[in-house]
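Numbering (the numbering used here), first residue to last: 78 to 304. We treat Cβ as the ideally placed atom computed from N, Cα and C, and that holds for glycine. Since this is a predicted model, take the numbers as computed values, not measurements. Single-structure report; data block below.
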Ligand SMILES: [Zn+2]
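In C-alpha cells form, the structure reads like this:
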C-alpha cells in the first residue's frame with residue numbers, strides 16, 4: 078500500500094485567511110437535544126454539520142430527516158461508534174458502510190465527510206475511509222461538551238480557542254449505549270457561542286464549504302461521490 082501522510086488527508090481546519098468557522102455536532106441524532114439545536118440554528122440562520130451515528134439515525138429517523146431537510150450537512154460517524162483502533166480493516170469498512178447505509182436510508186443524503194470516533198486516525202481507518210471516497214474531518218476547537226460540562230465552561234473553552242478556519246467540535250447526542258448522557262450544557266451554550274462569533278465577525282458555514290469542497294447539498298454530494 079502506498080504511504081499515506083495522515084496530516085495531508087485528515088482535515089482539522091479551513092483556510093486561516095478567511096474569517097469563517099464551521100460548527101459540528103457529533104454522536105446524534107438524540108432527542109430532545111438535536112431538535113433544540115436545530116431550533117437554535119434556525120433562529121440564527123446558520124448551517125452546521127452533523128456527524129451522525131448510524132445506530133442513532135435508525136433510532137430517530139424523523140429527526141435525522143429534519144436535519145437534512147433544514148439544509149445542514151451530514152457526515153458519517155460510523156454505525157456503532159466503537160473506537161476502531163483495534164479493529165481489522167474489514168471491520169472498519171463494515172462500520173463505515175453500515176453507518177453510510179443508515180444515513181442514506183434515513184435522510185436520503187449520501188455523506189461525503191467522515192469523522193472517526195474519538196478522532197482516531199490510524200493508517201487502516203484513514204485508508205478505509207479514503208477508499209470509500211470520504212473526506213476525513215477532525216476539528217481544531219474542542220468545546221469539551223462531551224462530559225456534561227456547564228454552558229459557561231463550554232462557551233469559555235470554545236471562544237478562547239476559536240480562530241479563522243476553525244472547526245468546532247460539539248455533541249448533540251451520545252455514543253453511550255444507554256444514552257443517558259444529557260446535552261443541556263451544549264444547548265445552553267450554543268446561542269452564546271453564536272452571538273459571540275457574530276459579534277467577532279465570523280461567518281458560520283458547513284464543513285464542506287469551509288474546506289473549499291463546494292456548498293453542501295444532497296445533489297452535489299450524490300454526483301461528486303466516486304469521481
Ligand atoms: Zn463521537
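Counting of Cβ neighbours within 10 angstroms places residue 91 among the buried residues, the total reaching 16 or more.
Inter-segment contact for the segment 129-143 and the segment 275-285 is absent: fewer than three beta-carbon pairs are separated by less than 8 Å.
About 19 Å separates the beta carbon of residue 170 from that of residue 134, a gap too long to meet the 8 Å contact definition.
Residue range 138-146 is occupied by the alpha helix (DSSP H) that includes residue 144, with no beta strand (DSSP E) assigned at that position.
Comparing alpha carbon positions, the residue from 289, 111, 214 and 86 closest to residue 145 is 111.
Non-local C-beta neighbours of residue 266 in its own chain, meaning closer than 6 Å and more than five positions away in sequence, comprise 228, 231 and 232, ordered along the chain. Each residue's CA atom was taken as its position, placing residue 220 and residue 116 some 20 Å apart. The Cβ-Cβ distance between residue 242 and residue 93 falls below 7 Å.
What you get when you keep residues with a C-beta closer than 6 Å to any heavy atom of ligand 1 is 103, 104, 154, 158, 194 and 252. Of all alpha-carbon atoms in 201, 210, 247 and 226, the one lying nearest the alpha-carbon of residue 217 is that of 247.
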